[in-house]
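To keep things clear, I will list the structure first and then write my remarks on it.
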Amino acid sequence: MSGEDNLLRLVEAEEPDENSYHLQDQVGFILRKAHQRHVSIFASHIADLTPPQFAALAKLYDIGETSQNQLGTLIAMDAATVKGVIDRLKARGLVEVSKHEVDKRRLLVNLTPAGREAIERLIPLARAITDETLAPLTAKEAATFLRLLAKLA
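Residue numbering for the sequence shown follows the numbering used here, starting at 7 and increasing by one per position.
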């Protein structure tokens, strides 16, 4: 029996005590600790960008030019946050912003050549970050973990 099967049997066998509350057993606390670990690993490999900045560059690399609002939706950021991310990336010369030809209120965002070069250089590091984050898990556990996280998200 695999470690994952043993863990699932253990979790299923435990009856929750309705009267107890242990912070270390709560999903939000565990997710926050896992997130902190991942961000630490990210920073050790990619020190000059934040994870949201990387996400914006990676999504633009994937889909090409898009509106600032659509980019925010695609990378799960509210309008104010994505605006700040784009402003910082623009100041570094990694993205360019232009007005839509028809709807002048709509801002379009695209990678600059420097942004494209940066993300192409960083994607292998991002793969290594994922691998390091998931290293405590077997391949099967990692696949299950990602599937379950996606279901929660």
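Beta carbons: idealized from backbone N, C-alpha and C, even for Gly.
- In the displayed model, E102 falls within a strand according to three-state DSSP.
- T136 has its alpha-carbon roughly 30 angstroms from the corresponding atom of L114.
- Under the three-state reduction of DSSP, V33 is assigned to helix.
- Comparing C-alpha distances from I129 to each of H41, G34, K65 and I36 shows the shortest one belongs to K65.
- Within the same chain, H51 and I52 come within 6 angstroms of L131 by CB-CB distance, once the 5 residues on both sides are set aside.
- D93 and Q74 have their C-alpha atoms roughly 11 angstroms apart.
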